[in-house]
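Asker: Sending over a structure as structure tokens; questions will come in a sec.
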């Protein structure tokens, strides 16, 4: 699919409890959202369809339309020997694994039980209902 339009937006990603999971305002660098390249869900793209420069728009998406549902197949139980001996492993630590074509796949350590390390390769926001607060900086 080809990009039909792009929007530069400042964006807050807000969880159901009202906490902000991420914000582009902290870095001062707006996010580029491409409509039509299959990187965004159809429900997310539908929210961008009529936005123009200067618009402010807030919308909430269910997990499936935001970062997806949590996939139990993406949770792996690995032996401690699979990690460098000097690596500190505890719940919440992000570790990186080699993916296809030299890409990196981040995983979050969920549990350490003796030599068994539970690693979750789901997106950290998978399974969460998300509110997106957008300020459109520019339409490209």
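Numbering (full-length UniProt numbering), first residue to last: 1 to 140. Every residue gets a Cβ at the ideal spot worked out from N, C-alpha and C, and that includes glycine.
(1) Which partner residues of residue 104 appear in the DSSP bridge assignment?
(2) With burial defined as no fewer than 16 other Cβ atoms inside 10 Å of the residue's Cβ, what is the status of residue 28: buried or exposed?
(3) Could you check whether residue 7 and residue 67 sit closer than 8 Å to each other, using their CB atoms as the reference points?
(4) Can you check the segment 39 to 75 for any beta strand (DSSP E) of at least 3 residues that lies completely inside it and give the ranges in chain order?
(5) Do residue 128 and residue 15 have their C-beta atoms within less than 8 Å of each other?
(6) In three-state DSSP terms, what is residue 81?
(7) So, at 6 Å on beta carbons, what are the nonlocal neighbours of residue 22 in its own chain, with the 5 sequence-adjacent residues on each side left out?
(8) With distances taken Cα to Cα, identify the nearest neighbour of residue 33 among 26, 19, 18 and 52.
Answerer: Inspection of the coordinates gives the following:
(1) According to DSSP, residue 104 shares a beta bridge with 98.
(2) Around the C-beta of residue 28, fewer than 16 other C-beta atoms lie within 10 Å, and the residue is accordingly described as exposed.
(3) no
(4) 56 to 61
(5) yes
(6) helix
(7) The answer, listed in chain order, is 13.
(8) Ranking the options by Cα distance to residue 33, first place goes to 52.
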